[in-house]
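Notes for the one structure printed next.
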Amino acid sequence: MNPYKENAKLSLDQLIEKRCGTGRYQILALSILVFIDLNDGCELILMSFLMPILKTEWQLTSMQIQILTSIFYLGMVLGSILTGFVADRKGRLRCIYLSCIIQFFMANSFLLCTNFYHMIFARLGYGFVYGFSIPLTTTMISEITAPDVRGRFLIVINFFVSVGKIYAFLLAFLCLENFNQGHWRLMMSLSSTTSLIVGILAWIFLMESPRYLMASGQVVEGLNIIEEIIHKNQNNTGLISRLFKSVQPEVSSDPFKGSKYGYISAKERIAIEKWVTKVFRSENRGTLRELFNKNNKSTTIRLWIIWFCINFMYFGQLLILPFILGSKQKTFVDYLTTVLGEIPSIILSLLIVEIPFLGRRNTMAISFFCASIMHVWSYYASWPYFFARFFMKESWAMLYPYSTEIFHTSNRTLGFGSSAAVGRIGAAISPYILIPLFDQDTHLPFLAFAVSSVISLISAITLPYDTVGKSLDFQNSDGEVESNKEDEIKEIMMVLIEKKNQN
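With numbering that gives the first Met the number 0 as the guide, the letters of the sequence shown map in order to residues 0 to 502.
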């Protein structure tokens, strides 16, 4: 057998699954990064709570409320776009540090707001850093986990957005008297602590994504991080060993040159270098042009439509429900009840996300169909919007892993970030549509949500394929990167160079 044929089809996903498994490091990374999403969920609720209070306290007009609402979403659009360009060029970890620290200071900037114009600046800046942070956790987690657990890990991240909303209710309960008055500055300042803690913990414990490093041409650095993960995951015990596939590390008799621990062999390095050469051919890392090439164009457009519509519905409900509940003299407990409708959907998502005939795409389509029915029903009766949120959250839970996995590593953060940015445009225009509808009829906004659900349903069922069980850098129907003679020649040259270096 020719030596270069061994492990010839080894990919990074296979190397992570074969050598790293799922263990302490991935659990630690998840435990730290979910608090970014917890903070994001918290701020979404707090931003919606601010509007009725500011309208009463500062005597704002409906137009000023619309401006303050949309300026926050405009900041999110700008942040989501920028994070793709930066994270796909400068790395995931640096962006995580940066977003956490800036988010801490922006949350405390609300302490200085005394009028409408100060609030415009604070909400724009806070929206920007919020949008910047959105794609980072899903991108980082997707790139360090094995395919068999990736979907569940990404749904856990999404689950903590809902946990963050419950945390926001706790802060509101402590700081606010009702929907129309309270110590909102203290509430915003208290919410800033999680972002500072996450930034510090990420700096101490986390490493750069090995997939990003390899996409940047730093193969040896990426392999050394893989070896660090193997080292940290060794001897998994307790609950981790029972829940996840553990892999006992073995020191190679022929480690690659530059290996820190000796877990990865020279032949495996050659196979990974071959894989990197095939997968990361493009020089257009982090460019919109790549999102609209012949392979990505239809998927990008459909995902943008879905993100636009689901943000219009999701954030539109967050915007309009305090006004609806406030007009009916409801309490924070009534609002909390609607958010609790998201929790069962996350549990269901964890159970079905890896089932092939359901997976991401089909579950999205079914959920959008059910959401459209519940939204129409909510126009005639108030209680069905609990179930509407259930199905919207189910759709969102599947959209997160699908949008992360469908894009190539070289443009993953940009693909996810641009989708999120387009989605925030849907959120930004929601007050200009929903508030006038609310002024005409309290429940009329739910019909607008129903129309958005139908549009999302059509886009979801026409997506090209599901990503369940697929490699992150999927290229053909077999989940493998296609080969050619030029690649074979490069592979043989790699073997010869490696043998020469060893001699």
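All C-beta atoms in this analysis are idealised placements derived from N, C-alpha and C, irrespective of residue type, glycine included.
If you're wondering where the values come from, they're calculated on a predicted model, not measured in any experiment.
Reducing DSSP to helix, strand and coil, say where residue i ends up.
{"i": "Leu350", "result": "helix"}
{"i": "Gln180", "result": "strand"}
{"i": "Gly132", "result": "Note on residue identity: the sequence assigns Ser, not Gly, to residue 132. Helix."}
{"i": "Ser452", "result": "helix"}
{"i": "Pro383", "result": "coil"}
{"i": "Pro355", "result": "coil"}
{"i": "Ser568", "result": "With the chain covering only 0 through 502, there is no way to say anything about residue 568."}
{"i": "Ser264", "result": "strand"}
{"i": "Pro146", "result": "helix"}
{"i": "Leu335", "result": "helix"}
{"i": "Leu462", "result": "coil"}
{"i": "Leu443", "result": "coil"}
{"i": "Leu175", "result": "strand"}
Assign residue i to buried or exposed, taking buried as 16 or more other Cβ atoms, counted over all protein chains shown, within 10 Å of its Cβ.
{"i": "Phe406", "result": "buried"}
{"i": "Arg360", "result": "buried"}
{"i": "Pro463", "result": "exposed"}
{"i": "Val250", "result": "exposed"}
{"i": "Thr137", "result": "buried"}
{"i": "Lys256", "result": "exposed"}
If you measure between the beta carbons of residue i and residue j, is that distance less than 8 angstroms?
{"i": "Ala214", "j": "Thr466", "result": "no"}
{"i": "Gly83", "j": "Thr412", "result": "yes"}
{"i": "Phe127", "j": "Leu77", "result": "yes"}
{"i": "Met139", "j": "Leu67", "result": "no"}
{"i": "Thr403", "j": "Leu153", "result": "yes"}
{"i": "Leu556", "j": "Ser418", "result": "A query on residue 556 cannot be resolved here, the shown segment of the chain reaching from 0 to 502 and no further."}
{"i": "Leu222", "j": "Arg268", "result": "yes"}
{"i": "Leu195", "j": "Cys99", "result": "yes"}
{"i": "Ser47", "j": "Ile434", "result": "no"}
{"i": "Val197", "j": "Ile35", "result": "yes"}
{"i": "Ser452", "j": "Ser371", "result": "yes"}
{"i": "Ser141", "j": "Arg149", "result": "yes"}
Tell me which same chain residues have a C-beta within less than 7 angstroms of the C-beta of residue i, skipping the five on either side of it?
{"i": "Phe204", "result": "Leu27, Ile31"}
{"i": "Glu487", "result": "Reliability fails at Glu487, whose pLDDT of 47 lies under 50, so the model's placement of it is uncertain and no value is given."}
{"i": "Ser377", "result": "Pro383, Tyr384, Ala387, His442, Phe445"}
{"i": "Glu207", "result": "Gly90, Arg91, Leu92, Ile224"}
Rounded to the nearest angstrom, how far is the Cβ of residue i from that of residue j, given a contact under 8 angstroms?
{"i": "Leu11", "j": "Ala270", "result": "Rounded, the Cβ-Cβ distance is 10 angstroms, inconsistent with contact."}
{"i": "Val155", "j": "Leu29", "result": "7 angstroms"}
{"i": "Gly315", "j": "Ser455", "result": "At roughly 13 angstroms, the Cβ-Cβ gap does not stay under 8 angstroms, so Gly315 and Ser455 are not in contact."}
{"i": "Leu290", "j": "Gly416", "result": "So it is not a contact: roughly 10 angstroms between Cβ atoms."}
{"i": "Ala459", "j": "Ile305", "result": "6 angstroms"}
{"i": "Leu73", "j": "Leu123", "result": "7 angstroms"}
{"i": "Ile143", "j": "Gln25", "result": "6 angstroms"}
{"i": "Ala145", "j": "Ile15", "result": "5 angstroms"}
Going by beta carbon distance, what residues of the same chain come within less than 8 angstroms of residue i, once the five residues before and after it are set aside?
{"i": "Ile52", "result": "Leu175, Phe178, Asn179, Gln180, Gly181, Trp183"}
Starting from the C-beta of residue i, find all residues in its chain whose C-beta is less than 6 angstroms away, skip the five residues before and the five after it, and write them out in chain order.
{"i": "Met75", "result": "Gly126, Tyr129, Gly130, Arg423"}
{"i": "Thr113", "result": "none"}
{"i": "Phe448", "result": "Met312, His374"}
{"i": "Ile101", "result": "Val128"}
{"i": "Val33", "result": "Ile156, Phe159"}
{"i": "Leu200", "result": "Ile31"}
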